[in-house]
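Residues in the sequence shown are numbered from 23 upward in steps of one, following the working numbering. Idealized CB from N, CA, C, for every residue including glycine. The structure displayed is predicted, hence computed values, not measured ones. Everything on this sheet refers to the single structure shown next.
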Amino acid sequence: MTSDIVKFVYQNKICEIKNPDPNETLLNYVRAKLKKTGTKEGCAEGGCGACTVVVGELIKNNISYKAINSCIAFVPSLEGKQLILVEDLTFKGELHPVQKAMVNYHGSQCGFCTPGFVMSLFAMYKNFYSYKEETIKDSIQGNLCRCTGYKPIVEAARSLNSDNKNDFFRKDKTITLSLLKKIKKRSIKIIHNNKKYFAPKSVNELNKILRSEPGSKLISGGTDVSLIVTKERKDINSLIYLNSIAELDYIKENNKYIEVGASTPLIKFESFAKKYFPDFSQILKRYGSVQIRNVCTIAGNIATASPIGDTLPLLLALDSKIIVKGKNKTKILSINGFFTNYRKTRLKKGQFIHSIRIPFLKKNIFKAYKISKRIDDDISSVCASFNMEINKNKIKKIRIAYGGMSNIPKRAFNCEKIFVNSFLSEKIISKAKRLLEKDFKPITDARATKKYRMEVAKNLLEKCFLEVKQKKSIRINV
Ligand SMILES: Cc1cc2nc3c(=O)[nH]c(=O)nc-3n(C[C@H](O)[C@H](O)[C@H](O)COP(=O)(O)OP(=O)(O)OC[C@H]3O[C@@H](n4cnc5c(N)ncnc54)[C@H](O)[C@@H]3O)c2cc1C
Ligand code: FES
Ligand code: FES
Numbered sequence: 023m024t025s026d027i028v029k030f031v032y033q034n035k036i037c038e039i040k041n042p043d044p045n046e047t048l049l050n051y052v053r054a055k056l057k058k059t060g061t062k063e064g065c066a067e068g069g070c071g072a073c074t075v076v077v078g079e080l081i082k083n084n085i086s087y088k089a090i091n092s093c094i095a096f097v098p099s100l101e102g103k104q105l106i107l108v109e110d111l112t113f114k115g116e117l118h119p120v121q122k123a124m125v126n127y128h129g130s131q132c133g134f135c136t137p138g139f140v141m142s143l144f145a146m147y148k149n150f151y152s153y154k155e156e157t158i159k160d161s162i163q164g165n166l167c168r169c170t171g172y173k174p175i176v177e178a179a180r181s182l183n184s185d186n187k188n189d190f191f192r193k194d195k196t197i198t199l200s201l202l203k204k205i206k207k208r209s210i211k212i213i214h215n216n217k218k219y220f221a222p223k224s225v226n227e228l229n230k231i232l233r234s235e236p237g238s239k240l241i242s243g244g245t246d247v248s249l250i251v252t253k254e255r256k257d258i259n260s261l262i263y264l265n266s267i268a269e270l271d272y273i274k275e276n277n278k279y280i281e282v283g284a285s286t287p288l289i290k291f292e293s294f295a296k297k298y299f300p301d302f303s304q305i306l307k308r309y310g311s312v313q314i315r316n317v318c319t320i321a322g323n324i325a326t327a328s329p330i331g332d333t334l335p336l337l338l339a340l341d342s343k344i345i346v347k348g349k350n351k352t353k354i355l356s357i358n359g360f361f362t363n364y365r366k367t368r369l370k371k372g373q374f375i376h377s378i379r380i381p382f383l384k385k386n387i388f389k390a391y392k393i394s395k396r397i398d399d400d401i402s403s404v405c406a407s408f409n410m411e412i413n414k415n416k417i418k419k420i421r422i423a424y425g426g427m428s429n430i431p432k433r434a435f436n437c438e439k440i441f442v443n444s445f446l447s448e449k450i451i452s453k454a455k456r457l458l459e460k461d462f463k464p465i466t467d468a469r470a471t472k473k474y475r476m477e478v479a480k481n482l483l484e485k486c487f488l489e490v491k492q493k494k495s496i497r498i499n500v
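Listed below in structure tokens is the structure:
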């Protein structure tokens, strides 16, 4: 059944929005229509966290709470979810434990950032039973404060360890669950003035919509697409939202590869990857913020073909495959060759990324590094990834890929060649570093100069082999 009414749970009631403007942001809706102005607008591009709200999603018989940036979420993405705003945390005049902690530990001065911090900490409070330092720092990595400083906020978060977690959201959970179940997510089709929005629930439906609306813009997490509206101030006339398609939200594995469905939130893959590719997981930990990773996808990152897309050099070095569907055909494309030019891919109109396959290379050593001006929530100046098979101190196979060094994320083919069937030696490493100059001609931009980028790329190569040497006890010949 298709509907043009977006239904969501708010303050334990089912709310409906008939035929909303598909380009309206959730932040705008909350402030201008719900008249709840506790949620603030700072940057309007997902970078400051002032607009953080929490959405509750039904997962089996439980609610998963996600902090998201309302400034870059479109209203129809609320379908089937629970919306929680900072105003909703106070119950009958009593502050929520997270709010009390912020007061007790002096976590606020001017107060502009405070609702956003409170909502990020509220999501942490609901999703974890104890709050380790790492959990606290991850939870607020997407929130900026220009005046209080982070120490009192972190102390407030730590103090929550002694709370009994019996807030009124827990007391009301049965009611909320029954309301979420009642909504039963439907397929959404909106035509608002000249703007169209589709949220299919299955791949079959998606294929049908793509056939009739081939010029539509696909949107998954929307962390890239939404900026067309909020920053470029343009309308998007036809959108197809993919993150309602449950059959695309999966991670499966066999003994050859891991397969990640296109609408799987990055945060899910971050914890999965820890076991098999710890360096991949470490890079994802520094990818945007929790608010971004709660919604964004690897498929979205690949489709942007951004030269500084962080998963891309890693997927290139891992020789990943992209499963592309559309027009009733399935194609398995290698990620090598998928990026054709600046922000261009081999995807054609009417096609979409269904999933990504990452091969298991059990004998291999996989390493990845991200260099950015800030540790958290910052875009790479250079990202490097190495995947090698070493046998008896000899490199048998190697793939090296860099982001931030070219107009597309790219393999370092000249550099790779020199390593194959070689013993590691200082001479080889020096030659390889020089060959990077043949592989890449980086540019100077706001993030880094071309000289800096090349120097960093060379240093990362050296760092990688020094670490490999230490780990594998390989002798590097002088
Ligand atoms: C504050 C902030 C921080 C960020 N930090 C980082 C970072 O650290 N590293 C990084 O690499 N990026 C970062 N990004 C960029 C962005 O979050 C990523 O590129 C993200 O992975 C995009 O995924 P998405 O699901 O949100 O894509 P969307 O915005 O939904 O879509 C992006 C593009 O992919 C297309 N698309 C989406 N899904 C599919 C599909 N299944 N098939 C075909 N095409 C599809 C869309 O049409 C669009 O062209 C950041 C963005 C913000 C706003
Ligand atoms: S307003 Fe800055 S993240 Fe939304
Ligand atoms: S209290 Fe002023 S910005 Fe954080």
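Member of the options whose CA lies at the smallest distance from the CA of residue i
i: Gly-102; options: Glu-109, Ala-72, Ile-81; result: Ile-81
i: Gly-68; options: Ser-377, Leu-249, Cys-437, Ala-54; result: Leu-249
i: Ile-465; options: Phe-441, Ser-403, Val-490; result: Ser-403
i: Lys-432; options: Asp-467, Lys-480, Lys-473, Asn-363; result: Asn-363
i: Ala-66; options: Arg-255, Ser-224, Tyr-87; result: Arg-255
i: Thr-352; options: Asp-341, Gly-372, Leu-336; result: Gly-372
i: Gly-64; options: Arg-168, Ser-86, Lys-418; result: Arg-168
i: Cys-37; options: Phe-191, Pro-98, Tyr-87, Gly-60; result: Pro-98
i: Asn-386; options: Lys-207, Lys-493, Ala-470; result: Lys-493
i: Val-52; options: Lys-347, Ile-106, Ile-27, Asp-26; result: Ile-106
i: Glu-116; options: Arg-233, Ile-241, Asp-189; result: Asp-189
i: Ile-412; options: Lys-278, Phe-445, Ser-428; result: Phe-445
i: Gly-425; options: Arg-365, Leu-202, Ile-440, Lys-347; result: Arg-365
i: Phe-435; options: Ala-423, Phe-302, Lys-122; result: Ala-423
i: Thr-74; options: Ala-339, Asn-165, Lys-491, Ile-85; result: Asn-165
i: Asn-226; options: Lys-491, Gln-131, Lys-347; result: Lys-347
Close-in-space but distant-in-sequence residues of the same chain around residue i (CB under 6 Å, 5 per side omitted)
i: Ser-238; result: Ser-260, Ile-262
i: Val-500; result: Note that Val-500 scores a pLDDT of 43, beneath 50, so its modelled location is shaky; the value from the coordinates is reported in the next line. Only Glu-448 meet the Cβ criterion.
i: Ser-270; result: The residue you asked about is not Ser; residue 270 is Leu in the sequence shown. The residues are Gly-283, Ala-284, Ser-285.
i: Ile-27; result: Glu-38, Lys-40
Whole-angstrom C-beta distance between residue j and residue i, which should lie under 8 Å
i: Ile-430; j: Ala-327; result: 6 Å
i: Asn-83; j: Leu-199; result: 7 Å
i: Ile-345; j: Ser-377; result: 5 Å
i: Ile-420; j: Glu-438; result: 5 Å
i: Thr-59; j: Ser-92; result: No, Thr-59 and Ser-92 are not in contact; Cβ-Cβ is about 12 Å, not under 8 Å.
i: Lys-218; j: Ser-266; result: Actually they are not in contact, since the Cβ atoms of Lys-218 and Ser-266 sit about 16 Å apart, beyond 8 Å.
i: Asn-316; j: Ile-90; result: 6 Å
Residue i Cβ short of 8 Å to ligand 2 heavy atom set
i: Ser-92; result: yes
i: Gln-313; result: yes
i: Leu-501; result: Absent from the structure is residue 501, since the part of the chain shown begins at 23 and ends at 500.
i: Thr-74; result: yes
i: Glu-38; result: no
i: Phe-66; result: Here residue 66 turns out to be Ala, not Phe, going by the sequence shown. For ligand 2, at least one heavy atom lies less than 8 Å from the Cβ of Ala-66.
Contact set for residue i: own chain, Cβ-Cβ below 7 Å, skip 5 residues either direction
i: Phe-134; result: Lys-62, Ala-72
i: Ile-354; result: Lys-343, Ile-345
Closer than 8 Å: residue i CB and nearest ligand 1 heavy atom
i: Leu-249; result: yes
i: Tyr-279; result: no
i: Thr-362; result: no
i: Ser-403; result: no
i: Gln-373; result: yes
Buried versus exposed, by CB contacts within 10 Å (16 or more), residue i
i: Asn-215; result: exposed
i: Pro-137; result: buried
i: Val-76; result: buried
i: Leu-488; result: exposed
i: Lys-206; result: exposed
i: Pro-300; result: exposed
i: Val-31; result: buried
Nonlocal neighbours in the same chain, by C-beta distance under 8 Å from residue i, ignoring five residues either side
i: Ser-152; result: Asn-183
What residues does ligand 4 have around it, judged by CB closer than 7 Å to any heavy atom, in chain order? In the structure shown, ligand 4 is absent; the only ligands present are ligand 1, ligand 2 and ligand 3.
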